[in-house]
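Same order as they appear, the protein sequences are chains A and B.
Those letters in the first sequence? Residues 26 to 78, per the working numbering, in order.
Those letters in the second sequence? Residues 924 to 1233, per the working numbering, in order.
For every residue, glycine included, the Cβ atom is placed at its ideal position computed from N, Cα and C.
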Amino acid sequence: MTKTIVKLRLNQQQLELIDNSVKAGESGSREELVRRALREYARANLAQAGQEK
Amino acid sequence: MTSPERKLIREFTIEPGTGKALEVRRGQVLRIAQTSGRQCADFNCFNLHDYKEFFHTGRTRHLHGLHPTKGDFLWSAPPRERPMMAIIEDTVGTNDVLYPRCSAFLFEHQYGLPVHTNCHDIQAEAQREYGLTPDDVHDSFNFFMHTGVGADGHPFIAKNTAGPGDYVELLALIDVLAVPNVCGADVMMTSDFELKPLKLSIYEATAADWAGVAEPPRLVNQRNPLQFKVKNIKADRELYRDPAYRPDFTNVPIRNSEVEVELDAEEAGWLAQLAATGKYGDTDADVLRYVFFTWWIGQFMRGPKHVPKG
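In structure tokens, the structure reads:
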């Protein structure tokens, strides 16, 4: 399966926010949290993605 | 309606062209009431025990929008950022924290009237009773000022809709010096082109008054002078450099790093679609960062979100 790597440029404060969310149990890792955000944002904002589960 | 259990402490009327500095202690309610109606009331307040803490339109606007009303707070300026007063009643709902106070300059510049009633000078004259200068007047909370923002992005002043007897009530959460004034703008729409008196009443709050006030946040970043590096209030006007100054900014240096995110084909497809809209950024990384933080704000940030729809 094709994989795409995106390199997010983030500073230490932004990482702190992400790490706090991970520690709070919102996701298992920084990467998982970002992917969750993309999935949920796409479902809410893209008609095609919204039809998918 | 006023609760029959409430004890009236003081009541009087302020006439057009005037204002009054009033000590309102924690647990007291200041009512600002219309007499004949359609009159804007400009308002400032200060911490009675430290005038450097004062009401801030900017933070209030940020947290409650352009038209704060019942249930909202009057916040002090950063770095204090405490609720100073709570709006516990508002019978009209047309308040404004967008427009600055009118001033002598404004009437001279826009109307050719160099000597004219204006809220800045009225505030200054009223608070002079407590030793404050014209430089200590801050942007006002404009009660009963009916305003909006047009589709062109410009603010406007609409017809004042307050009727006789309409009022707002402010519960003091700390001891304050409250300074209401009859807005001096009689050649603007603000008060329907006529200046009218306002009635002021101070009551002891009842349990019912407190019951409607939400518990405000108490955070480490609501700072006080004990935490300031400079402890004393500067008492001279000239600015000069402190040779002992060494910068001590928070979280500096800001260090960027890269976080690799591996997307499957479906996720990459969504990212490509979002990028194709041109609304979120120039690169896939920019778009993904925009998406992440916008999503995070929507999910987890407290208070108003301040992000565009869609």
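Just mark residue i as buried or exposed, buried being the case when its beta carbon has 16 or more other beta carbons within 10 Å.
{"i": "residue 78 of chain A", "result": "Because residue 78 of chain A sits at a pLDDT of 42, beneath the cut-off of 50, its placement in the model cannot be relied upon, and the following sentence gives the value as read from the coordinates. Per the 10 Å Cβ criterion, exposed."}
{"i": "residue 957 of chain B", "result": "buried"}
{"i": "residue 931 of chain B", "result": "exposed"}
{"i": "residue 53 of chain A", "result": "exposed"}
{"i": "residue 947 of chain B", "result": "buried"}
{"i": "residue 969 of chain B", "result": "buried"}
{"i": "residue 1103 of chain B", "result": "buried"}
{"i": "residue 1157 of chain B", "result": "exposed"}
{"i": "residue 1163 of chain B", "result": "exposed"}
{"i": "residue 991 of chain B", "result": "buried"}
{"i": "residue 1081 of chain B", "result": "exposed"}
{"i": "residue 1220 of chain B", "result": "exposed"}
{"i": "residue 1210 of chain B", "result": "buried"}
{"i": "residue 945 of chain B", "result": "buried"}
{"i": "residue 1182 of chain B", "result": "buried"}
{"i": "residue 1063 of chain B", "result": "buried"}
{"i": "residue 1075 of chain B", "result": "exposed"}
{"i": "residue 1107 of chain B", "result": "buried"}
{"i": "residue 1005 of chain B", "result": "buried"}
{"i": "residue 1285 of chain B", "result": "This structure cannot speak to residue 1285 of chain B, because chain B is shown only from 924 to 1233."}
{"i": "residue 1026 of chain B", "result": "buried"}
{"i": "residue 964 of chain B", "result": "buried"}
{"i": "residue 66 of chain A", "result": "buried"}
{"i": "residue 870 of chain B", "result": "No information on residue 870 of chain B is available, as it lies outside the stretch 924 to 1233 that chain B covers here."}
{"i": "residue 1095 of chain B", "result": "buried"}
{"i": "residue 1132 of chain B", "result": "buried"}
{"i": "residue 1116 of chain B", "result": "exposed"}
Going by DSSP, name the residue or residues bridged to residue i.
{"i": "residue 1179 of chain B", "result": "A:36"}
{"i": "residue 1124 of chain B", "result": "B:934 and B:954"}
{"i": "residue 1230 of chain B", "result": "According to DSSP, which records beta bridges pairwise, residue 1230 of chain B is partnered with nothing at all."}
{"i": "residue 1006 of chain B", "result": "B:998"}
{"i": "residue 1088 of chain B", "result": "Per DSSP, none; premise fails for residue 1088 of chain B."}
{"i": "residue 1065 of chain B", "result": "B:965 and B:1019"}
{"i": "residue 1080 of chain B", "result": "B:1070"}
{"i": "residue 1117 of chain B", "result": "Residue 1117 of chain B pairs with nothing; no bridge assigned."}
{"i": "residue 1094 of chain B", "result": "B:952 and B:1009"}
{"i": "residue 43 of chain A", "result": "Answer is none; residue 43 of chain A lacks a bridge partner."}
{"i": "residue 1185 of chain B", "result": "A:30"}
{"i": "residue 942 of chain B", "result": "B:1104"}
Could you tell me the boundaries of the beta strand (DSSP E) in which residue i lies?
{"i": "residue 1100 of chain B", "result": "1099-1105"}
{"i": "residue 1071 of chain B", "result": "1070-1072"}
{"i": "residue 968 of chain B", "result": "964-970"}
{"i": "residue 974 of chain B", "result": "973-977"}
Please list the partners that residue i has in chain A, where partner means a Cβ-to-Cβ separation under 9 Å.
{"i": "residue 1091 of chain B", "result": "Within chain A, no residue comes near residue 1091 of chain B; the closest Cβ sits about 38 Å away, beyond 9 Å."}
{"i": "residue 1194 of chain B", "result": "29, 31, 63 and 67"}
Quick one: list the residues of chain A neighbouring residue i, beta-carbon separation under 7 Å, in chain order.
{"i": "residue 1171 of chain B", "result": "Going along chain A, no residue has its Cβ under 7 Å from residue 1171 of chain B, so there is no contact; the nearest lies around 17 Å."}
{"i": "residue 1214 of chain B", "result": "62, 63 and 66"}
{"i": "residue 1208 of chain B", "result": "31, 32, 33 and 34"}
{"i": "residue 1191 of chain B", "result": "29"}
With respect to the alpha helix (DSSP H) encompassing residue i, which residues constitute its N-terminal and C-terminal limits?
{"i": "residue 1132 of chain B", "result": "1130-1134"}
{"i": "residue 1220 of chain B", "result": "1207-1223"}
{"i": "residue 1194 of chain B", "result": "1188-1199"}
{"i": "residue 1030 of chain B", "result": "1027-1034"}
{"i": "residue 946 of chain B", "result": "That residue, residue 946 of chain B, is in no alpha helix (DSSP H); its beta strand (DSSP E) goes 945-947."}
{"i": "residue 1108 of chain B", "result": "Taken as a continuous stretch (DSSP letters only), residue 1108 of chain B belongs to no alpha helix (DSSP H), as it is neither H nor E."}
{"i": "residue 980 of chain B", "result": "980-987"}
{"i": "residue 70 of chain A", "result": "55-70"}
{"i": "residue 1043 of chain B", "result": "1042-1050"}
Applying a beta-carbon distance threshold of less than 8 Å, which residues of chain B neighbour residue i?
{"i": "residue 59 of chain A", "result": "1182, 1184, 1211 and 1215"}
{"i": "residue 46 of chain A", "result": "1219 and 1223"}
Give the interface partners of residue i over in chain A, defined as CB-CB distance under 8 Å, in chain order.
{"i": "residue 997 of chain B", "result": "What residue 997 of chain B touches in chain A: nothing, since even the nearest Cβ is about 29 Å away."}
{"i": "residue 1197 of chain B", "result": "66, 67, 70 and 71"}
Please check if any C-beta of chain C sits within less than 8 Å of the C-beta of residue i.
{"i": "residue 1024 of chain B", "result": "Absent from the structure: chain C. Protein chains present are A and B."}
Any heavy atom of the ligand FAD closer than 7 Å to the Cβ of residue i?
{"i": "residue 1060 of chain B", "result": "The ligand FAD is not part of this structure, which contains no ligands at all."}
- [ ] Give, in chain order, every residue of the stretch 1173-1185 of chain B whose Cβ lies closer than 8 Å to some Cβ of chain A.
- [x] 1174, 1177, 1178, 1179, 1180, 1181, 1182, 1183, 1184 and 1185
Open item on the list: Please list, in chain order, the residues of the stretch 1120-1142 of chain B that have any C-beta partner in chain A closer than 7 Å.
Closed with: Within the stretch 1120-1142 of chain B, no residue has a Cβ that lies closer than 7 Å to any Cβ of chain A.
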